[in-house]
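Inspection log for the structure reproduced underneath, given as structure tokens.
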Amino acid sequence: MSKRSLPLLPDEPDNLLPPTVVKGSLRADGTRENVIPADVRGRFTRARTLAFVFLIGLWAALPWMKIGGNPALFLDFDQRRFFLFGATFNAQDTWLVFFLLTGVGFGLIYLTALFGRVWCGWACPQTVFLDVYRRVERLFQGSREVRMRREARELDLDRAWRKVATHATFVLLSIGIAHVILSYFVSMPGLLKMVNHAPSEHPEAFAWAASVSAMLYFNFAFFREQLCLAICPYGRLQSALIDQDSIVIGYDPKRGEPRGKAKDAGAGACVDCNRCVVVCPTGIDIRNGLQIDCVSCTACIDACDDIMDKLHRPRGLIRYSSTRALGGDETRWLRPRVGIYSVLLVAGVIAATLAARKHVDFEANLLRLPGPPYVFDGDTIRDSFEVHIVNKASATRTYDVTAESDSPAAVFVIPARTVDLGELEGKRIPIFVSVPRSAYVGDFHVRVHVAPRDGKDPEQVTQSQFLGARGP
Ligand code: SF4
Ligand code: SF4
Numbered sequence: 264m265s266k267r268s269l270p271l272l273p274d275e276p277d278n279l280l281p282p283t284v285v286k287g288s289l290r291a292d293g294t295r296e297n298v299i300p301a302d303v304r305g306r307f308t309r310a311r312t313l314a315f316v317f318l319i320g321l322w323a324a325l326p327w328m329k330i331g332g333n334p335a336l337f338l339d340f341d342q343r344r345f346f347l348f349g350a351t352f353n354a355q356d357t358w359l360v361f362f363l364l365t366g367v368g369f370g371l372i373y374l375t376a377l378f379g380r381v382w383c384g385w386a387c388p389q390t391v392f393l394d395v396y397r398r399v400e401r402l403f404q405g406s407r408e409v410r411m412r413r414e415a416r417e418l419d420l421d422r423a424w425r426k427v428a429t430h431a432t433f434v435l436l437s438i439g440i441a442h443v444i445l446s447y448f449v450s451m452p453g454l455l456k457m458v459n460h461a462p463s464e465h466p467e468a469f470a471w472a473a474s475v476s477a478m479l480y481f482n483f484a485f486f487r488e489q490l491c492l493a494i495c496p497y498g499r500l501q502s503a504l505i506d507q508d509s510i511v512i513g514y515d516p517k518r519g520e521p522r523g524k525a526k527d528a529g530a531g532a533c534v535d536c537n538r539c540v541v542v543c544p545t546g547i548d549i550r551n552g553l554q555i556d557c558v559s560c561t562a563c564i565d566a567c568d569d570i571m572d573k574l575h576r577p578r579g580l581i582r583y584s585s586t587r588a589l590g591g592d593e594t595r596w597l598r599p600r601v602g603i604y605s606v607l608l609v610a611g612v613i614a615a616t617l618a619a620r621k622h623v624d625f626e627a628n629l630l631r632l633p634g635p636p637y638v639f640d641g642d643t644i645r646d647s648f649e650v651h652i653v654n655k656a657s658a659t660r661t662y663d664v665t666a667e668s669d670s671p672a673a674v675f676v677i678p679a680r681t682v683d684l685g686e687l688e689g690k691r692i693p694i695f696v697s698v699p700r701s702a703y704v705g706d707f708h709v710r711v712h713v714a715p716r717d718g719k720d721p722e723q724v725t726q727s728q729f730l731g732a733r734g735p
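According to the numbering used here, the sequence shown is numbered sequentially starting from 264.
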């Protein structure tokens with residue numbers, strides 16, 4: 264079908280391409296089909312828009328927000344400290360990331376088993392920001408049919424300025440998004456300071472922001488749905504995560520088939536208007552059944568509901584339902600997969616809670632000083648240690664250091680028994696332990712107690728081994 268054969272009247276329906284032409288975003292020969300989805304209105308589109316506004320607002324506000332005096336989200340890799348919703352972590356807390364990542368991953372798997380790709384359609388950053396870019400495109404280039412007619416013409420001034428304005432706005436948007444992302448790593452005050460200085464004063468951050476801006480521009484201006492279809496690992500896993508009872512977006516063939524005109528006797532509810540196909544951002548026909556290319560954007564539901572309203576027929580020919588229910592059976596909510604996932608989820612929540620409870624606002628570790636394990640000093644044997652204390656609280660704290668051992672003859676020398684540490688500050692306090700050679704009967708444990716004076720955290724006990732020998 265040549266571009267010139269497209270309809271020319273502005274009030275013509277959107278079904279400019281016959282159903283046989285649109286079969287996803289890749290042609291049979293592997294080349295890309297440039298999918299231009301038609302505009303759609305409806306209850307799901309409105310709800311998704313509200314969800315996107317909330318998510319973008321939250322994402323943009325987080326670097327500005329403070330909880331308990333700390334940034335709500337600030338990943339300060341430079342200083343190896345991380346602020347997460349009021350809590351402070353340092354490099355020693357990296358093991359907690361395991362619980363965070365596995366928790367997010369498993370939550371997504373659980374959600375998918377129950378509700379299909381609801382994440383993709385409602386909350387994935389790719390979906391959320393692509394919607395913004397599509398609105399910009401719509402603003403400058405018009406609706407699908409207007410745009411396709413214009414694209415079919417030779418390049419003229421009207422087409423050129425619209426393209427330039429669209430892509431200039433895309434570039435500005437990409438730069439803006441990259442800078443908000445950057446603020447998560449350098450803090451918002453840090454970002455504002457950088458913006459007011461020449462790039463040569465912070466070349467790494469500038470290079471990082473420029474690269475991310477370029478990637479965002481390429482992704483949202485050109486690559487688009489291909490990221491979901493060809494790159495996203497979560498998208499590739501769908502066939503393993505979804506079963507017959509997962510709630511997905513599907514077409515009801517029992518009600519819709521056989522397709523036919525509205526006035527045809529014996530025809531099903533589907534009037535084969537192709538509207539559900541032309542609104543699809545991945546260019547698929549949901550009437551062919553659940554496909555891995557479906558990102559659950561709900562556009563086909565709103566499009567078909569609109570047609571049903573016009574025909575005075577009940578909505579829901581395309582709807583959220585399970586494949587089993589669309590086939591005429593009852594959806595089974597309780598099934599082995601959901602049971603196993605529920606048990607694993609509860610176990611994961613308990614493990615994460617226990618791990619989080621272990622997190623305290625300071626670290627204390629007893630380390631042996633480099634060098635020989637012990638030295639003879641006259642009639643005594645001496646071991647040298649240091650206790651490394653790190654204050655992870657967002658305020659200055661005072662710590663008391665005491666020590667004891669299994670040997671009653673051990674004598675401790677601690678040059679600083681009280682330590683003041685500022686926010687995320689660390690100090691090493693030397694500790695010397697001596698025993699008379701005559702009292703030494705073997706190696707023994709040395710324990711150092713570190714207690715915050717404000718009593719907000721329990722004291723920590725860190726231990727090591729006294730090593731020695733009676734000698735000549
Ligand atoms: S929008 Fe509804 S009626 Fe039109 S082709 Fe799709 S399923 Fe059939
Ligand atoms: S089939 Fe429907 S829900 Fe799936 S991507 Fe296309 S328009 Fe969105």
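By construction, the Cβ of each residue, glycine as well, lies at the ideal position given by its N, Cα and C atoms. Computed from a predicted structure; not experimentally measured.
query: Checking 7 angstroms against the spacing of the C-beta atoms, do L479 and S446 come in under that value?; result: no
query: Cβ of D535 versus every heavy atom of ligand 1: is any distance shorter than 6 angstroms?; result: yes
query: Just the Cα atoms here: how many angstroms apart are C539 and A566?; result: 6 angstroms
query: Rounded to a whole number of angstroms, what is the C-alpha to C-alpha distance between R295 and L374?; result: 31 angstroms
query: Can you name the start and end residues of the beta strand (DSSP E) that S668 belongs to?; result: R660 to S668
query: If you measure between the beta carbons of A673 and I692, is that distance less than 7 angstroms?; result: no
query: So what does DSSP say about S450, is it helix, strand or coil?; result: coil
query: Can you find the residues in the same chain that come closer than 6 angstroms, C-beta to C-beta, to T432, ignoring five residues on each side of it along the sequence?; result: V399
query: When we look at the beta-carbon of G546 and count the other beta-carbons within 10 Å, is it buried (16 or more) or exposed?; result: buried
query: Relative to the C-alpha of R582, which residue among D624, P300, G305 and G287 is closest?; result: G305
query: Taking 7 angstroms as the cut-off, decide whether the C-beta atoms of L325 and A335 are in contact.; result: yes
query: So the alpha helix (DSSP H) Q404 belongs to, where does it begin and stop?; result: P388 to Q404
query: Would you report the Cα separation of R422 and S406, rounded to the nearest angstrom?; result: 14 angstroms
query: Leaving out five residues before and five after V606 in sequence, what residues of the same chain have Cβ atoms less than 6 angstroms from its Cβ?; result: none
query: Using three-state DSSP, classify I505 as helix, strand or coil.; result: coil
query: Which of the three DSSP states is assigned to I547 in this structure?; result: coil
query: Which term fits E488, buried or exposed, when burial requires 16 or more other beta carbons within 10 angstroms of its beta carbon?; result: buried
query: Can you grab the Cα-Cα spacing for the pair S657 / T312, in whole Å?; result: 38 angstroms
query: Contact check, N751 vs K621 under 8 angstroms by CB: the rounded distance?; result: Lying outside 264 to 735, the shown extent of the chain, residue 751 is not represented and no answer is given.
query: Taking Cβ to Cβ, would you say I510 is nearer than 7 angstroms to F378?; result: yes
query: So for I581, helix, strand or coil by DSSP?; result: strand
query: Taking only the alpha-carbon atoms, compute the straight-line gap between G738 and P633 and give it to the nearest angstrom.; result: Absent from the structure is residue 738, since the part of the chain shown begins at 264 and ends at 735.
query: How is L338 classed by DSSP in three states: helix, strand or coil?; result: strand
query: Pairing CB atoms from the stretch 472 to 486 with CB atoms from the stretch 344 to 364, are three or more of them under 8 angstroms?; result: no
query: Taking C-alpha atoms, which residue in V434, S463 and E414 lies nearest to F481?; result: V434
query: Once DSSP output is grouped into helix, strand and coil, what is the label at E593?; result: coil
query: Buried or exposed for G731, going by 16 or more other Cβ atoms inside 10 Å?; result: buried
query: Looking at the strands, I want to know which residues DSSP matches up with N333.; result: I330
query: Compare the beta carbon distance of S559 and G370 with 7 angstroms and say whether it is the shorter of the two.; result: no
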